[in-house]
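Chemist: Attaching a single structure in structure tokens format; questions to follow.
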Amino acid sequence: MADQVQPVPASSQSSDDASFTENPGKGRGSFPKRGEPVITGINRVGLWSLYIKEVRRFLKVQTQTIWAPAVTTLLFLVIFTVALGREGREILGVNFATFVAPGLIVMGMMQNAFANSSFSLLSGKIQGTIIDLLMPPLSTGELMTGIVTAAVTRAVAVGAVVALAMAFYPGVDLSLAHPWAVAWFGLMGAIMLALMGLLASIWAEKFDHNAAVTNFVIAPLSLLSGTFYVIDNLAPTFQIISRFNPFFYVISGFRFGFLGQSDIGDTNSALVQSAIGLGVFNLAFAFLVYRILASGWKIRS
């Protein structure tokens, strides 16, 4: 009958199967030898896919991840301006609102970079979906780069929204004196907290552990870093302690980009040294996080 399946000749079937055999050549339908890597160098497609996945994750709930942090940061500005800047108080030659605004912007950037990267692995560990990150052909460096760059992207988005809102706040002047300092210290601060968040997500076993790091490490270091004051007002002992806080250099350097003044030092060389120091610190910190992530500690067990 016409609708009956016609048998495939054995010669034709064998030739089709033979076209998809293990073959060291590069012919059509051939596979590489067993154990021979297919992807060499950087897996750009996989890295880009991971980055887009992480960005879409926080954009899907942007009310919570971008707009809510921006509103919270603006409330800080309103409260402290009303409480401390009512009598025309000036710090570093500018009014209090202009002084505190850059610190609030970069503080919001850092906190959200930490929040984004600390959620990536931790949610997978708790929900049992971490295999989706470990099974794809991504190296440790590519996995780490995708998560960190997505966290930095969220930090920049939050910083841009906060800066735009603060530009319309009465008494705030966000004129740039040194754009390089704004870009460098903002980027270094976001990378540092993204790495810290990734390390926290590796260590944490539940969301309470992550919240503990946020409440007992990130928040104190942020609020005691000179965001709302200059460290010259502190006792000598506490000034020394503040200079061991890396958050202090991020916030003061970022503020220097707007005001042209900082409590890091009286010369521009002090800012340059701080910028180089932050870069070296992030490189060393990134190497540490890389080694821990590559070891599989608390991930593959």
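Our numbering numbers the first residue of the sequence shown as 63 and each following residue consecutively.
Each residue gets a CB set at the ideal place from its N, CA and C atoms; glycine is no exception.
Note down the Cα distance separating residue 317 from residue 165, rounded to an integer number of angstroms.
Modeler: Your numbering for residue 317 matches position 255 in the sequence shown. Your numbering for residue 165 matches position 103 in the sequence shown. Computed Cα separation, rounded: 6 Å.
Chemist: In the DSSP assignment, find the alpha helix (DSSP H) that holds residue 282 and state where it starts and stops.
Modeler: In the sequence shown, the residue the question calls residue 282 occupies position 220. Per DSSP, residue 282 belongs to the alpha helix (DSSP H) from 281–285.
Chemist: Would you list the residues sitting across from residue 153 in a DSSP beta bridge?
Modeler: Against the sequence shown, residue 153 aligns to sequence position 91. DSSP output for residue 153 lists 156 as bridge partner(s).
Chemist: Would you decide whether residue 267 is buried or exposed? Buried here means 16 or more other CB atoms lie within 10 Å of its CB.
Modeler: Here residue 267 refers to the residue found at position 205 of the sequence shown. By the neighbour-count rule (16 or more Cβ atoms within 10 Å), residue 267 is not buried but exposed.
Chemist: Does DSSP classify residue 254 as helix, strand or coil?
Modeler: Looking up residue 254 in the sequence shown gives position 192. Here residue 254 sits in helix by DSSP.
Chemist: I need the boundaries of the alpha helix (DSSP H) containing residue 310, first residue and last residue.
Modeler: In the sequence shown, counting from the first residue as 1, residue 310 sits at position 248. Element bounds for residue 310: 308–321.
Chemist: Skipping 5 residues on each side, what residues in its chain have a beta carbon closer than 6 Å to that of residue 83?
Modeler: Taking the first residue of the sequence shown as 1, we reach residue 83 at position 21. Low confidence applies here, because residue 83 scores a pLDDT of 49, under 50, leaving its location unreliable; read the following figure in that light. So the list is empty, once near-sequence residues are dropped.
Chemist: Going by beta-carbon coordinates alone, are residue 293 and residue 169 separated by less than 8 Å?
Modeler: Residue mapping note: residue 293 aligns to position 231 of the sequence shown, counting from 1. Residue mapping note: residue 169 aligns to position 107 of the sequence shown, counting from 1. Cβ atoms of residue 293 and residue 169: not closer than 8 Å.
Chemist: Could you tell me which uninterrupted alpha helix (DSSP H) segments, each at least 4 residues in length, are contained entirely in the stretch 108–151, listed from first to last along the chain?
Modeler: As far as the stretch 108–151 is concerned, its whole alpha helix (DSSP H) runs of at least 4 residues are 130–146.
Chemist: Going by beta carbon distance, what residues of the same chain come within less than 7 Å of residue 182, once the five residues before and after it are set aside?
Modeler: Along the sequence shown, one-based indexing puts residue 182 at 120. The answer, listed in chain order, is 116, 209 and 263.
Chemist: For residue 158, which of 296, 174, 254 and 138 has the nearest alpha-carbon?
Modeler: In the sequence shown, the residue the question calls residue 158 occupies position 96. Ranking the options by Cα distance to residue 158, first place goes to 138.
Chemist: Checking 8 Å against the spacing of the C-beta atoms, do residue 287 and residue 310 come in under that value?
Modeler: Residue mapping note: residue 287 aligns to position 225 of the sequence shown, counting from 1. Residue mapping note: residue 310 aligns to position 248 of the sequence shown, counting from 1. Yes, they are a contact pair.
Chemist: Count the other CB atoms within 10 Å of the CB of residue 345; is the residue buried (16 or more) or exposed (fewer)?
Modeler: The residue given as residue 345 occupies position 283 in the sequence shown. Exposed: under 16 other Cβ atoms inside 10 Å.
Chemist: Please report how far the alpha carbon of residue 282 lies from the alpha carbon of residue 254, in whole angstroms.
Modeler: Within the sequence shown, numbered from 1, the residue matching residue 282 stands at position 220. Within the sequence shown, numbered from 1, the residue matching residue 254 stands at position 192. Their Cα atoms are separated by approximately 16 Å.
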